[in-house]
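Colleague: If you scroll down you'll find the structure; I have some questions about it.
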DNA sequence: GCATGACCTCA
DNA sequence: GAGGTCATG
């Protein structure tokens, strides 16, 4: 994030972070001497970080460091969009929709990231007709071959996401095909070339200030970008909280859980059905429909199916209360 | 407006 | 077939 490597961990209500600078003198972390390789485990870094914080509190705090910390914290708040009150939104969505109310209880805290538009666009061009495990590998290869090296941690080298310029090079298609990108290799290079040659390097960022439909239409002019990818980029990097990416999965949710009839006679997702499903959910959930959609999408993922069998925190608390009562009764009986 | 096939690769 | 897109009919 922001051209640097971060490690994060979360306790009850605190997000702990550590930033690794690219400056070779600080490659093992700010204000630290070079440490040997064995010190580099992520867990240790978090422990160290707590210590570093304490140290800094005791000694006179460098003003520059203080301001840098404030900036980093602001970057994190921006990335996680902590200014958006999720609980209020969940309540709104749940009040409007009984099915969401149920699922939202189990899958609380699902929050949209505010990603970098370049990273978001070119990553999602890789997703067509593809599955997540493979996409992950492709994005990693994209970074390691075309991205700026950032730092080394636990013997792993980390690279930034490539710039548009790096992706636009004439040899890029062949290079990426060699790395197993298939037909997407040409889309990536072509889109990058089109942006640098006729839109300008800032074009994607300017779309953050455009209305949703305008930004989406702009993205649709790029090769390899259809309705679904355009909505993903709008929602996850261009501040369009109302964008609802419709894929076969979301189409299925709309029909199965909401009795949505749009395109029920058709075999494939047409442009028209895309828009109708999106409009359906926007009407139901309002201006943050894209965020609500991601909660249901998350709940439908295979890897989270087990969560549905575990009782929710609320139900668990109820159960504990009941158990305590039972114990009390038993104790009284014993007495 | 909608259906169909091609497109690359691999978990 | 997989969290699609594009060209064609």
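In full-length UniProt numbering, the protein residues as written are 1 to 335.
Where is the CB? At the ideal position from N, CA and C, for every residue including glycine.
Predicted model only: the values in this text are computed from it and were never measured.
Can you tell me which of 79, 209, 243 puts its alpha carbon nearest to the alpha carbon of residue 8?
Modeller: Working through the first chain from its first residue, we reach residue 8 at position 8. Residue 8 has its Cα closest to that of 79, out of 79, 209, 243.
Colleague: Check residue 21 in the structure and name its three-state DSSP category.
Modeller: As a first step, residue 21 is located in the first chain; it is residue number 21 there, counting from the start. Coil.
Colleague: CB-CB under 6 Å to residue 299, same chain, minus the five flanking residues each way: which ones, in chain order?
Modeller: Within the first chain, residue 299 is the residue found at index 299, counting from 1. Counting only Cβ-Cβ distances below 6 Å, and skipping sequence neighbours, we find 103, 107.
Colleague: Is residue 150 helix, strand or coil by DSSP?
Modeller: As a first step, residue 150 must be located in the first chain, where it is residue number 150. In the structure shown, residue 150 sits in a strand (DSSP, three-state: E or B).
Colleague: Taking the alpha-carbon positions, what's the residue 235 to residue 241 distance?
Modeller: Translated into positions along the first chain, residue 235 becomes position 235. Translated into positions along the first chain, residue 241 becomes position 241. Between residue 235 and residue 241, the C-alpha separation is close to 5 Å.
Colleague: Can you list, in chain order, the residues of its chain with a C-beta nearer than 6 Å to that of residue 120? Leave out the 5 residues immediately preceding and following it.
Modeller: Sequence index remark: in the first chain, residue 120 carries index 120 (1-based). Counting only Cβ-Cβ distances below 6 Å, and skipping sequence neighbours, we find 233, 236, 237.
Colleague: Where does residue 299 sit, in a helix, a strand or coil, going by DSSP?
Modeller: Taking the first chain and counting its residues from 1, one reaches residue 299 at position 299. Residue state, collapsed to three classes: helix.
Colleague: Determine, using beta-carbon pairs with one atom in the segment 250-268 and one in the segment 278-291, whether at least three such pairs fall under 8 Å.
Modeller: Judged by Cβ distances under 8 Å, the segment 250-268 makes contact with the segment 278-291, as three or more pairs qualify.
Colleague: Consult DSSP for residue 7 and reduce its assignment to one of helix, strand or coil.
Modeller: Reading the first chain from its first residue, position 7 is the one you call residue 7. Correct three-state label for residue 7: strand.
Colleague: Which full runs of the alpha helix (DSSP H) of 4+ residues lie inside the segment 144-211, going along the chain?
Modeller: Whole alpha helix (DSSP H) segments, 4+ residues: 164-168, 172-178, 184-198, 203-206.
Colleague: Assuming contact is defined by CB atoms lying nearer than 9 Å, are residue 126 and residue 186 in contact in what I supplied?
Modeller: Here residue 126 is taken as the residue at index 126 of the first chain, counted from 1. Here residue 186 is taken as the residue at index 186 of the first chain, counted from 1. Going by C-beta atoms, residue 126 is not nearer than 9 Å to residue 186.
Colleague: Only counting runs of 4 or more residues, tell me where the alpha helix (DSSP H) segments fall wholly within the segment 222-271, in order along the chain.
Modeller: Here the runs fully enclosed are 227-237, 248-258.
Colleague: Cβ atoms of residue 161 and residue 123: under 9 Å apart, would you say?
Modeller: If you number the first chain from 1, residue 123 lands on position 123. If you number the first chain from 1, residue 161 lands on position 161. It is a contact, given that the beta carbons lie within the stated cut-off.
Colleague: With distances taken between CB atoms, is the gap from residue 294 to residue 276 smaller than 9 Å?
Modeller: Locating residue 294 in the first chain gives position 294, where the first residue counts as 1. Locating residue 276 in the first chain gives position 276, where the first residue counts as 1. No. Outside cutoff.
Colleague: Where residue 1 and residue 265 are concerned, what is the direct C-alpha to C-alpha distance, given to the nearest angstrom?
Modeller: Here residue 1 refers to the residue found at position 1 of the first chain. Here residue 265 refers to the residue found at position 265 of the first chain. Rounded to the nearest angstrom, the two C-alpha atoms are 44 Å apart.
Colleague: Considering only the alpha carbon of each residue, which of 274, 20, 302 lies closest to residue 157?
Modeller: Taking the first residue of the first chain as 1, we reach residue 157 at position 157. Nearest C-alpha to residue 157: 20.
Colleague: Is it right to say residue 193 is buried, meaning 16 or more other beta carbons lie within 10 angstroms of its own, or is it exposed?
Modeller: Along the first chain, read from residue 1 onward, the residue named residue 193 stands at position 193. Result: buried.
Colleague: Is DSSP giving residue 13 helix, strand or coil here?
Modeller: Counted from its first residue, the first chain places residue 13 at position 13. Here residue 13 sits in coil by DSSP.
Colleague: Is the separation between the beta-carbon of residue 290 and that of residue 112 shorter than 9 Å?
Modeller: Start at 1 with the first residue of the first chain, and residue 290 comes out as number 290. Start at 1 with the first residue of the first chain, and residue 112 comes out as number 112. Cβ atoms of residue 290 and residue 112: closer than 9 Å.
Colleague: Tell me whether the beta-carbon of residue 22 lies closer than 9 Å to the beta-carbon of residue 151.
Modeller: Residue numbering aside, residue 22 sits at position 22 when the first chain is read from its first letter. Residue numbering aside, residue 151 sits at position 151 when the first chain is read from its first letter. Their beta carbons are under 9 Å apart, which means residue 22 touches residue 151 by this criterion.
Colleague: Quick one: what does DSSP say residue 131 is sitting in, helix, strand or coil?
Modeller: Here residue 131 refers to the residue found at position 131 of the first chain. Correct three-state label for residue 131: coil.
Colleague: Could you check if residue 173 is buried or exposed, using at least 16 other CB atoms within 10 Å of its CB as the buried criterion?
Modeller: On the first chain, position 173 is the one that residue 173 refers to. The residue in question, residue 173, is buried, as its Cβ has 16 or more Cβ neighbours within 10 Å.
Colleague: Using C-beta distances below 6 Å, list every residue in its chain close to residue 190, excluding the 5 sequence neighbours before and after it, in chain order.
Modeller: Here residue 190 corresponds to residue number 190 of the first chain, with the count starting at 1. Hits under 6 Å: 223.
Colleague: If you count every other CB in all the chains shown that lies within 10 Å of the CB of residue 227, and 16 or more means buried, which is it?
Modeller: Here the question's residue 227 lines up with position 227 in the first chain. By the 10 Å Cβ count, residue 227 comes out buried.
Colleague: What does a CB cutoff of less than 6 Å around residue 166 pick up in its chain, not counting 5 residues either side in sequence?
Modeller: What you label residue 166 is simply residue 166 of the first chain in a count that begins at 1. The answer, listed in chain order, is 146.
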